[in-house]
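A.B. asks: In full-length UniProt numbering, the protein residues as written are 1 to 407.
Glycine included, C-beta positions come from ideal geometry on N, C-alpha and C.
Questions regarding the structure given below will be posed in turn.
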Amino acid sequence: MFDKSAIANRVRLDAAGLVALADLKTIARRTALTGSASFLDILYIAPGIHCQQQASEINGGEYPLTGAMHNGWVFRVENPATVSFLQGVGKPGHLTTVRVSSEIPRGPAGLFGQLLHTEFWASVLFCLGIAATIVVITLLGVIRDFWALGVLGMLMLSRLVNVSVIKLRQDKNGFKGKLEPGVQGDLLIILSQDRWVRMEGLVDDLKVVTAGQWLKEPETFESFLISFGTLLVYGSAALAGNSSTIGSLLIALLLLFCAGVLGLSNAVTRSLHMFGRVVSVQPNPVKYGRRLDMVKHMIQVTGNAEWALRMSLITESELSTPTVEKRASESYGMQDMTLVNRGSRSRVALPLDDPLGSASGPSGPGLQLGLNNGSDLEQGLYNSDEVHHLDTSGVPALPARPNANVA
């Protein structure tokens, strides 16, 4: 028969309540992934309840350098929850793309309803932990182990205190920068361990998840509540020895089960919820042989190199190498060539037929030109290994033309 003395003569679990004192970060990590806390969390009893307020430090002190590829500005991601999420989805040597969008309201269910829609299996696992708590409370009531019920009550009260403090600390109306309605943004985030993340979305949405504070520093009253919640956890561990053996076993099993299930739930979560925005991971991260290859590819994709220079991801000498673009223009019945000097950001269109004049060297279809700081001239042909180097060291520099076409 199931009662308090079922295993009393076989096993002693006087210190089972010490499991609650384990400094696990699973609860803090879930808080960071959801961007908040729900009062439904009160029924989820797992080790690390007293560590929930450390969610604001979940990034490990990392604030990665970020370049806005759409306008060239450079800054750092200040939101620790966002940084922690990107640390989890990033892979060394890969460029991972994430997309920021607005949440779709899910009715009275609130945050849990949104999570159930976007993270179904993670939400199911979370519900298993809540169900386990209800089952244990019921069993403790059946065997009338009031000490064990009191211990669980103290842990649930500590959860209530910490959830309330998280809600109070949220900085929903804090600094997020100037509004830029309708502007698309494109960020490159350089994380430690050579993890690179490209974040896309509206500029205003990007600011919400990267700028300002997520959790404010606790005020005096909030600090008092945090201390009170922590003492409740330690007090429950001290009083757990008064529970029956079966009661202590049920509490220990509940704590271990919930810790494992919550860790699994966090692992399968592939999106971050923050202030009404969702950061979701796009499939198939791109692998690069070296970081410079990734940077050059992003410059080619965005057509802007200013962010890369400001982030010291590429040097001026690499950018100052001239590039010649060959363009076909069937509407004019001819081909033209564009000489690009990246160092000066100038473009000079040259006709294909004898671009330098008859005395300057060979010309013909597919002619390619390059100027290197005005000291020499390189001339080559597309689809050919032939390259001509002409010494122009004795040629005086041309005076600047005020009406020259500069892009």
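For ALA68, which of helix, strand or coil comes out of DSSP?
C.D. replies: Position 68 of the sequence shown, counted from the start, is the residue given in the question as residue 68. Reduced to three states, the DSSP call for ALA68 is strand.
A.B. asks: Is the distance from the Cβ of GLY67 to the Cβ of HIS273 below 9 angstroms?
C.D. replies: Translated into the one-based positions of the sequence shown, residue 67 becomes position 67. Translated into the one-based positions of the sequence shown, residue 273 becomes position 273. Their beta carbons are not under 9 angstroms apart, which means GLY67 does not touch HIS273 by this criterion.
A.B. asks: Which of helix, strand or coil does DSSP assign to ARG290?
C.D. replies: Reading the sequence shown from its first residue, position 290 is the one you call residue 290. Looking at ARG290 - three-state DSSP - the assignment turns out to be coil, as it is neither helix nor strand.
A.B. asks: Leaving out the 5 sequence neighbours to the left and right, which residues in its chain are closer than 6 angstroms to GLN193 when beta-carbon positions are compared?
C.D. replies: If you number the sequence shown from 1, residue 193 lands on position 193. Contacts found: PRO92.
A.B. asks: I need the DSSP call for ASP145, collapsed to helix, strand or coil.
C.D. replies: Position 145 of the sequence shown, counted from the first residue, corresponds to residue 145. Three-state DSSP puts ASP145 in coil, outside helix and strand.
A.B. asks: Please report the distance separating the alpha-carbon of LEU65 from that of ALA46.
C.D. replies: Within the sequence shown, numbered from 1, the residue matching residue 65 stands at position 65. Within the sequence shown, numbered from 1, the residue matching residue 46 stands at position 46. Those two C-alpha atoms are separated by around 35 angstroms.
A.B. asks: Check for me: the alpha helix (DSSP H) holding LEU229 runs from which residue to which?
C.D. replies: As a first step, residue 229 is located in the sequence shown; it is residue number 229 there, counting from the start. Note on residue identity: the sequence assigns Gly, not Leu, to residue 229. It spans 220 to 239 - the alpha helix (DSSP H) in which GLY229 sits, taken as one unbroken run.
A.B. asks: Output the distance between the C-alpha atoms of ILE134 and GLY289, rounded to the nearest integer angstrom.
C.D. replies: Position 134 of the sequence shown, counted from the first residue, corresponds to residue 134. Position 289 of the sequence shown, counted from the first residue, corresponds to residue 289. One C-alpha to the other measures close to 52 angstroms.
A.B. asks: Given this structure, state the Cα-to-Cα distance separating ILE299 from PRO181, to the nearest angstrom.
C.D. replies: Here residue 299 corresponds to residue number 299 of the sequence shown, with the count starting at 1. Here residue 181 corresponds to residue number 181 of the sequence shown, with the count starting at 1. For ILE299 and PRO181, the distance between alpha carbons rounds to 25 angstroms.
A.B. asks: What are the complete beta strand (DSSP E) segments, minimum 3 residues, inside the region 139 to 219?
C.D. replies: Within the region 139 to 219, the complete beta strand (DSSP E) runs of at least 3 residues are 184 to 191 and 195 to 202.
A.B. asks: Look up LEU24 in the DSSP assignment and say whether it is helix, strand or coil.
C.D. replies: For the purposes of this step, residue 24 is identified with residue 24 of the sequence shown, where counting begins at 1. LEU24 falls in the coil class under three-state DSSP.
A.B. asks: Taking C-alpha atoms, which residue in ALA22, ASP145 and PRO80 lies nearest to GLY61?
C.D. replies: Working through the sequence shown from its first residue, we reach residue 61 at position 61. Closest by alpha carbon: PRO80.
A.B. asks: Can you have a look at LYS287 and say buried or exposed, based on whether 16 or more other CB atoms are within 10 angstroms of its CB?
C.D. replies: What you label residue 287 is simply residue 287 of the sequence shown in a count that begins at 1. Result: exposed.
A.B. asks: If you follow the beta strand (DSSP E) that ARG277 is part of, which residue opens it and which one closes it?
C.D. replies: Here residue 277 refers to the residue found at position 277 when the sequence shown is read from its first residue. 277 to 281 is the extent of the beta strand (DSSP E) around ARG277.
A.B. asks: Measuring CB to CB, does GLY129 end up less than 9 angstroms from LEU262?
C.D. replies: Position 129 of the sequence shown, counted from the start, is the residue given in the question as residue 129. Position 262 of the sequence shown, counted from the start, is the residue given in the question as residue 262. In contact: GLY129 and LEU262 (Cβ atoms closer than 9 angstroms).
A.B. asks: Decide if ASN173 is buried, meaning its Cβ has at least 16 other Cβ atoms within 10 Å, or exposed.
C.D. replies: Position 173 of the sequence shown holds residue 173. That one is exposed.
A.B. asks: Indicate the three-state DSSP secondary structure (helix, strand or coil) for MET311 in the structure shown.
C.D. replies: For the purposes of this step, residue 311 is taken as residue 311 along the sequence shown, with counting starting at 1. Residue state, collapsed to three classes: coil.
A.B. asks: Based on Cα-Cα distance, which residue from LEU18, ILE190, LEU225 and ILE251 lies nearest to ALA148?
C.D. replies: Your numbering for residue 148 matches position 148 in the sequence shown. Of the listed residues, the one whose Cα sits closest to ALA148 is ILE251.
A.B. asks: Compare the beta carbon distance of residue 489 and TYR44 with 9 angstroms and say whether it is the shorter of the two.
C.D. replies: Any question about residue 489 goes unanswered here, given that the chain covers just 1 to 407.
A.B. asks: Could you pull the DSSP bridge partners for THR96 from this structure?
C.D. replies: Numbered from its first residue, the sequence shown carries residue 96 at position 96. According to DSSP, THR96 bridges with VAL197.
A.B. asks: How far does the alpha helix (DSSP H) with SER265 in it reach, from first residue to last?
C.D. replies: Reading the sequence shown from its first residue, position 265 is the one you call residue 265. Counting along the chain, the alpha helix (DSSP H) containing SER265 begins and ends at 245 to 268.
A.B. asks: Helix or strand or just coil, what does DSSP make of GLY370?
C.D. replies: Taking the first residue of the sequence shown as 1, we reach residue 370 at position 370. Any reading at GLY370 must be qualified, since the residue scores a pLDDT of 42, below 50, and its modelled position is unreliable; no value is offered.
A.B. asks: How big is the Cα-Cα spacing for ARG195 and VAL98?
C.D. replies: As a first step, residue 195 must be located in the sequence shown, where it is residue number 195. As a first step, residue 98 must be located in the sequence shown, where it is residue number 98. Rounded to the nearest angstrom, the two C-alpha atoms are 13 angstroms apart.
A.B. asks: According to the Cβ coordinates, are ASP145 and SER244 closer than 9 angstroms?
C.D. replies: Position 145 of the sequence shown holds residue 145. Position 244 of the sequence shown holds residue 244. The answer is yes: Cβ separation under 9 angstroms.
A.B. asks: Per DSSP, which one or two residues make a beta bridge with ARG29?
C.D. replies: To locate residue 29, count along the sequence shown from 1; it is residue 29. DSSP output for ARG29 lists no bridge partner at all.
A.B. asks: I'd like to know whether the C-beta atoms of LEU191 and GLN282 end up nearer to each other than 9 angstroms.
C.D. replies: Reading the sequence shown from its first residue, position 191 is the one you call residue 191. Reading the sequence shown from its first residue, position 282 is the one you call residue 282. Contact: no.
A.B. asks: Would you decide whether ALA15 is buried or exposed? Buried here means 16 or more other CB atoms lie within 10 Å of its CB.
C.D. replies: On the sequence shown, residue 15 is found 15 positions in, with the first residue counted as 1. Classification of ALA15: exposed, given that the 10 Å Cβ count is below 16.
A.B. asks: Rounding to the nearest angstrom, what Cα-Cα distance links LYS207 and ASN242 in this structure?
C.D. replies: As a working note, residue 207 is residue 207 in the sequence shown. As a working note, residue 242 is residue 242 in the sequence shown. Distance between the alpha carbons of LYS207 and ASN242 is about 52 angstroms.
A.B. asks: Secondary structure at VAL301, three-state DSSP: helix, strand or coil?
C.D. replies: Sequence index remark: in the sequence shown, residue 301 carries index 301 (1-based). Helix.
A.B. asks: Which of the three DSSP states is assigned to SER271 in this structure?
C.D. replies: The sequence position of residue 271 within the sequence shown is 271, counting from 1. In this structure, SER271 counts as strand in the three-state DSSP scheme.
A.B. asks: Report the three-state DSSP secondary structure of residue 453 (helix, strand or coil).
C.D. replies: Outside the modelled stretch of the chain, which goes from 1 to 407, sits residue 453, for which no answer is possible.
A.B. asks: Taking buried to mean at least 16 other C-beta atoms within 10 Å of its own C-beta, is ASP293 buried or exposed?
C.D. replies: Position 293 of the sequence shown, counted from the start, is the residue given in the question as residue 293. ASP293 is exposed by the Cβ-count criterion.
A.B. asks: Which partner residues of PHE75 appear in the DSSP bridge assignment?
C.D. replies: Counting from 1 along the sequence shown, the entry for residue 75 is found at position 75. The partner list for PHE75 (beta bridge, DSSP) reads THR66.
A.B. asks: Report yes if the C-beta distance between VAL136 and LEU125 is below 9 angstroms; otherwise report no.
C.D. replies: Residue numbering aside, residue 136 sits at position 136 when the sequence shown is read from its first letter. Residue numbering aside, residue 125 sits at position 125 when the sequence shown is read from its first letter. Contact flag unset, no.
A.B. asks: Let me know the secondary structure DSSP gives SER123 once reduced to three states.
C.D. replies: For the purposes of this step, residue 123 is taken as the residue at position 123 of the sequence shown. Helix.
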